[in-house]
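In full-length UniProt numbering, the protein residues as written are 1 to 526.
Cβ atoms here follow ideal geometry from the backbone N, Cα and C, with glycine treated the same way.
Because the structure is a prediction, the values reported are computed rather than measured.
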């Protein structure tokens, strides 16, 4: 089928035109041959031009002033024809690429859209040259191109295969973190004996982990994490021992170096201590390992979530020895909050995240460090927009009403508007979504928001005027965006929902007067 029918000049008739085109193809063998040539991976730009011209010439009869059927066929042919990119073009750009390395990232993009155009010994030889270059970015892009386009190297280009394998192994063990990730994914994507090859990387790396030399840990941690994500059946068990003995006990639960005491809340990436960079990477490894496993039989996810929560409660200083700098603590809070959010995207782990852990994660959006708030909000927004996170995570944006910086409040409002419209659009376009209304309809965020605010550590005295004013700001920050358009009489629906919440008790802390007071005060502020 052709994508993008909705973008056609006359979308209403698109279906009829497609049926008519199908009929014409059934009756005209020459036309079928032209179309076959056009969609063949080996079709050159010159051939494509001739085919498009020939097909449109045949469909232009009988002549008429406007021919919407012909317009539609032209539009679709332009979408599928390799009018600009073919094997010859890639070989040419590749020759230039060896001279001008900056082209490589452009080629990486083309490798997603035109993978078959790269499949020649000559092109791959040039890319192998790129892999040997000093420029890290060029090598990374070259690996990505092999990953996207190299499915037939194994069977058709043995010489390239035997040169490529040792280079990929070397990059996975000692390349930059980005190269290591691409190398592991490349091996997994294009080789049949991936299990053997990944084991040849996993085993030496897992044996040589040494927390005393943190600058040499980053790449191995990236490779080990991605290997366990891609091949969990093979590596989830051996990884468990590495996680318990090395990642947690040796690396995360120790502070070997003493951080800078200048009091800064954030520093550039270059100034972050190697030990903390390794710890951030270790947290990402834990998440990749769990996302690969996708089950909690060994209760590994519970203990990981407890560790991440402890990282947030201790504000990033897990050992509480006060050795770590303020800016490094910020990095670890951000990593821990991001990790909980990542695990929440997998239903099996979302189900075991406790309300307290969710609240700790959400409060990262109110972090004292501006960059932590900014990066966390962006990650939250991106996951919500793709509908990867449960609805309660949308409630976290209500806390942004308290942000002292105007741009952050404005950004949060934009995120809410975008997410609410995406959810409504999804419900309208997907009849099956009506079964999942509770998890999709944005209005259902209100109970989650009230519960989140009830447990906000800033809300300590239910009678305090200033605290109540902040609470009202947070509630209205969300409600105002929900009520911009009175979609399906949502005002009445929201009022009824708030009335019902007023009658409830807080399930998380049924005997806590403070939490239950919020339920009462929602009536006052709404």
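Terminal residues of the continuous alpha helix (DSSP H) containing residue 232? Locating residue 232 in the chain shown gives position 232, counting from the first residue. Unbroken alpha helix (DSSP H) run through residue 232: 232-242.
Where do the N-terminal and C-terminal ends of the alpha helix (DSSP H) with residue 342 fall, by residue? Stepping through the chain shown from its first residue, residue 342 is reached at position 342. Where residue 342 is concerned, the enclosing alpha helix (DSSP H) stretches over 326-343.
Per DSSP, what kind of secondary structure is residue 463 in: helix, strand or coil? Counting from one through the chain shown, the residue named residue 463 turns up at place 463. Coil at residue 463, not helix or strand.
Determine, using beta carbons only, whether residue 321 and residue 255 come nearer to each other than 8 Å. Along the chain shown, read from residue 1 onward, the residue named residue 321 stands at position 321. Along the chain shown, read from residue 1 onward, the residue named residue 255 stands at position 255. Going by C-beta atoms, residue 321 is nearer than 8 Å to residue 255.
Check whether the stretch 424-433 and the stretch 443-457 touch, using three or more Cβ-Cβ pairs below 8 Å as the test. no
Cα separation between residue 219 and residue 209? Here residue 219 refers to the residue found at position 219 of the chain shown. Here residue 209 refers to the residue found at position 209 of the chain shown. Each residue's Cα considered, the two are about 11 Å apart.
What do you get for residue 311, buried or exposed, if any count of 16 or more other CB atoms within 10 angstroms of its CB means buried? Looking up residue 311 in the chain shown gives position 311. With 16 or more other Cβ atoms within 10 Å, it is buried.
Taking one C-beta from the stretch 333-348 and one from the stretch 288-302 each time, how about it: are there three or more such pairs within less than 8 Å? yes
Using a 10 Å radius around the Cβ and a threshold of 16 neighbouring Cβ atoms, would you call residue 19 buried or exposed? Here residue 19 corresponds to residue number 19 of the chain shown, with the count starting at 1. Exposed, because fewer than 16 other Cβ atoms sit within 10 Å of the Cβ of residue 19.
Consult DSSP for residue 292 and reduce its assignment to one of helix, strand or coil. Looking up residue 292 in the chain shown gives position 292. Helix, per DSSP.
Which listed residue (149, 207, 158) has its alpha carbon closest to that of residue 173: Mapped onto the chain shown, residue 173 falls at position 173. Ranking the options by Cα distance to residue 173, first place goes to 207.
In this structure, does DSSP put residue 23 in helix, strand or coil? As a working note, residue 23 is residue 23 in the chain shown. Here residue 23 sits in helix by DSSP.
Rounded Cβ spacing between residue 384 and residue 394 (contact assumed at less than 8 Å): By one-based count along the chain shown, residue 384 stands at place 384. By one-based count along the chain shown, residue 394 stands at place 394. Going by Cβ atoms, the distance from residue 384 to residue 394 rounds to 6 Å, so yes, they are a contact pair.
Please state whether the Cβ-Cβ distance between residue 376 and residue 316 is less than 8 Å. Your numbering for residue 376 matches position 376 in the chain shown. Your numbering for residue 316 matches position 316 in the chain shown. Not closer than 8 Å, so no.
Can you look up residue 315 in the DSSP assignment and give me helix, strand or coil? Working through the chain shown from its first residue, we reach residue 315 at position 315. Looking at residue 315 - three-state DSSP - the assignment turns out to be coil, as it is neither helix nor strand.
Between the stretch 296-304 and the stretch 221-233, can you find at least three pairs of beta-carbon atoms closer than 8 Å? no
When the Cα atoms are used, what is the spatial distance from residue 28 to residue 124? The residue you call residue 28 lines up with position 28 of the chain shown. The residue you call residue 124 lines up with position 124 of the chain shown. Each residue's alpha carbon lies about 39 Å from the other.
For residue 36, count neighbouring C-beta atoms within 10 Å of its own C-beta (all shown protein chains included) and say buried if the count is 16 or more, exposed if not. Taking the first residue of the chain shown as 1, we reach residue 36 at position 36. With fewer than 16 Cβ atoms within 10 Å of its Cβ, residue 36 is classed as exposed.
Does the count of Cβ pairs from the stretch 257-270 and the stretch 361-373 closer than 8 Å reach three? yes
Please determine if the stretch 148-163 and the stretch 185-204 are in contact, where contact requires at least 3 C-beta pairs separated by less than 8 Å. yes
Below-8 Å beta-carbon distance, residue 352 vs any chain C residue: Among the chains of the structure shown, chain C does not appear; only one protein chain is present.
Residue 455 in three-state terms, based on DSSP: Taking the first residue of the chain shown as position 1, residue 455 is located at position 455. Of the three classes helix, strand and coil, the one that applies to residue 455 here is coil, per DSSP.
Return the chain-ordered list of same chain residues with a C-beta closer than 7 Å to the C-beta of residue 469, the five sequence neighbours on each side being excluded. On the chain shown, residue 469 is found 469 positions in, with the first residue counted as 1. Excluding positions up to five away in sequence, the list is empty.
Using only the alpha-carbon positions, how far apart do residue 100 and residue 106 sit? Working through the chain shown from its first residue, we reach residue 100 at position 100. Working through the chain shown from its first residue, we reach residue 106 at position 106. Caution is warranted here: a pLDDT of 39 is assigned to residue 100, below 50, making its placement in the model unreliable, and no coordinate value can be reported.
Within the continuous alpha helix (DSSP H) that includes residue 149, where are the two ends? What you label residue 149 is simply residue 149 of the chain shown in a count that begins at 1. Here the alpha helix (DSSP H) through residue 149 covers 136-149.
Do you know offhand how far residue 112's Cα is from residue 143's? Counting from 1 along the chain shown, the entry for residue 112 is found at position 112. Counting from 1 along the chain shown, the entry for residue 143 is found at position 143. Each residue's alpha carbon lies about 13 Å from the other.
Within 8 Å, do at least three Cβ pairs link the stretch 449-456 to the stretch 413-429? no
For a test of the three-state rule: what should DSSP assign to residue 297, helix, strand or coil? For the purposes of this step, residue 297 is identified with residue 297 of the chain shown, where counting begins at 1. Here residue 297 sits in coil by DSSP.
Counting C-beta neighbours from all protein chains within 10 Å, is the total for residue 117 16 or more, i.e. buried, or is it exposed? By 1-based counting over the chain shown, the position of residue 117 is 117. Per the 10 Å Cβ criterion, buried.
Which residues in the same chain as residue 408 place their Cβ atom closer than 8 Å to its Cβ, once the five residues preceding and following it in sequence are excluded? Against the chain shown, residue 408 aligns to sequence position 408. Once the five neighbours on either side are set aside, the close Cβ partners of residue 408 are 370, 373, 374, 377, 400.
Return the chain-ordered list of same chain residues with a C-beta closer than 6 Å to the C-beta of residue 473, the five sequence neighbours on each side being excluded. Against the chain shown, residue 473 aligns to sequence position 473. Cβ neighbours of residue 473 beyond the five flanking positions: 401.
Run of the alpha helix (DSSP H) containing residue 423, from where it starts to where it stops: Here residue 423 refers to the residue found at position 423 of the chain shown. Unbroken alpha helix (DSSP H) run through residue 423: 406-429.
Short check: CB of residue 184 to CB of residue 145, under 8 Å? Taking the first residue of the chain shown as 1, we reach residue 184 at position 184. Taking the first residue of the chain shown as 1, we reach residue 145 at position 145. It is not a contact, given that the beta carbons lie outside the stated cut-off.
Taking Cβ to Cβ, would you say residue 259 is nearer than 8 Å to residue 324? Counted from its first residue, the chain shown places residue 259 at position 259. Counted from its first residue, the chain shown places residue 324 at position 324. Going by C-beta atoms, residue 259 is nearer than 8 Å to residue 324.
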